[in-house]
Amino acid sequence: MTTRPLQFLRRGQPVALGNVPPDRTLLEVLREDLGCTGTKEGCGEGDCGACTVVLGEADGHGKVRYSAVNSCIRLAHSIDGMALWTAEDLAEDPLIQPVAASTQPADQTTHHSALHPAQEAMVQCHGSQCGFCTPGFVMSLFGMYQNQVCHGRSISRTQAAQDLSGNLCRCTGYRPILDAAQHMAQLPPMAVNEAALLQKLELLALTPQAPEANLAYIAPTTQAELLPACRALDRVIWHSQYLVPQWYASTHRMAYNAWRLERPEVLPPYSPGEMWAVQTWWSREPKPQN
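Spelled out as structure tokens, the structure:
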């Protein structure tokens, strides 16, 4: 089986990777293929948040939708056509720019002028101790910053706790990290240049790709595409916006209960045989004999 080249934006530039296996996770691509070891692996099951990165994609209304995701359970091919940020990118991405009409005074106490407010707030609020979880927290803060602060919305303590609930820390007790989440808005503002990013995403989508048969990775986007694919294909790794794995084990095998319906209202009712087909497709388990 073959896969199309994986294409995404990073630091404002297109990245194209060939021969990425369909079951390779985004974390494996980052750490092992690209050497970006700032993104950490902790639990490998989507629980600790050490591997958090942020994805950006057009929302169809002229804006960018930002999502903090666990790269250890995100299949690499599922980010095709998106923008990607890791903790190493925040101070290096030319599309992340100071807001020109800032009314915030420059902070004279800091010597980290190149840091993003999510990073600078962690420094000033002493939100890092051993540091292993810090890149993941910073990326969750970055996603929060883009979705809240850049739209003029303040971050409450409750909102900060909710948005950081997927990140675990054994050292700080969370108080200084929650302080950092609320402190970001008090720092000189920066924001992603969304007009430029959307233009680059459009150009990326227009990049021609040679057609390839017998693809090992497919991404059904409608319920009409989902069930026929389940019936027709075997031993295929896939990702759907409607039905996605809750965790992705290191053995690349899924358990029957490892499913989370993100939008169950759009899915048709499954017969027992159809649900078995969907679960078996992921788990690669033999069909039980009655």
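Going by the numbering used here, the sequence shown opens with residue 366, and the numbers climb by one from there.
Where a beta carbon is used, it is the ideal one built from N, C-alpha and C, also for glycine.
- DSSP places alanine 560 in the uninterrupted alpha helix (DSSP H) bounded by 559-571.
- Per DSSP, reduced to three states, the secondary structure at glutamine 524 is helical.
- Note that the region 418-428 touches the region 440-460; at least 3 beta-carbon pairs, one per stretch, sit closer than 8 angstroms.
- Only exposed fits glutamate 457, as fewer than 16 other CB atoms lie within 10 angstroms of its CB.
- Take valine 394, set aside five residues on each side of it, and the residues of its chain with a beta-carbon closer than 8 angstroms to its own are Leu371, Leu382, Val385 and Ala441, in chain order.
- The alpha carbon of phenylalanine 507 has as its nearest neighbour, out of Ala545, Arg540 and Leu391, the alpha carbon of Ala545.
- For glutamine 511, the enclosing alpha helix (DSSP H) stretches over residues 499-512.
- A Cβ-Cβ distance of about 6 angstroms is found for the pair threonine 537 and glutamine 494, placing them in contact under the 8 angstroms criterion.
- Assignment of beta strand (DSSP E) within the region 414-448, counting only whole runs of 3 or more residues, yields 417-423 and 429-435 in chain order.
- Across the set Gly411, Tyr539 and Ala560, the C-alpha of Ala560 shows the shortest separation from the C-alpha of histidine 426.
- For valine 380, there is no enclosing alpha helix (DSSP H); the residue is found in the beta strand (DSSP E) stretching over 378-382.
- About 6 angstroms separates the Cβ atoms of leucine 552 and glutamate 485, confirming a contact at the 8 angstroms cut-off.
- Alanine 465 has no beta-bridge partner at all, per DSSP.
- Distance from the CA of tyrosine 431 to the CA of proline 593, rounded to the nearest whole angstrom, comes to 31 angstroms.
- For the set Val557, Gly531 and Gln489, the Cα lying nearest the Cα of asparagine 512 is the one of Val557.
- Taking a 10 Å sphere around the C-beta of glutamine 489, we find 16 or more other C-beta atoms and assign the residue as buried.
- Selection Phe502, Leu568, Met555 and Glu590 evaluated against proline 463 yields Met555 as nearest (Cα-Cα).
- By the beta-carbon neighbour count (other beta carbons within 10 angstroms, threshold 16), alanine 415 is buried.
- As a beta-bridge residue in DSSP terms, leucine 371 pairs with Leu382.
- With respect to the 8 angstroms criterion, alanine 483 and leucine 460 are not classified as neighbours on the basis of their beta carbons.
- Looking only at Asn532, Gly517 and His516, the smallest Cα-Cα distance to glycine 492 is reached by Asn532.
- DSSP, reduced to helix, strand and coil, places alanine 479 outside both helices and strands of the structure shown, so it counts as coil.
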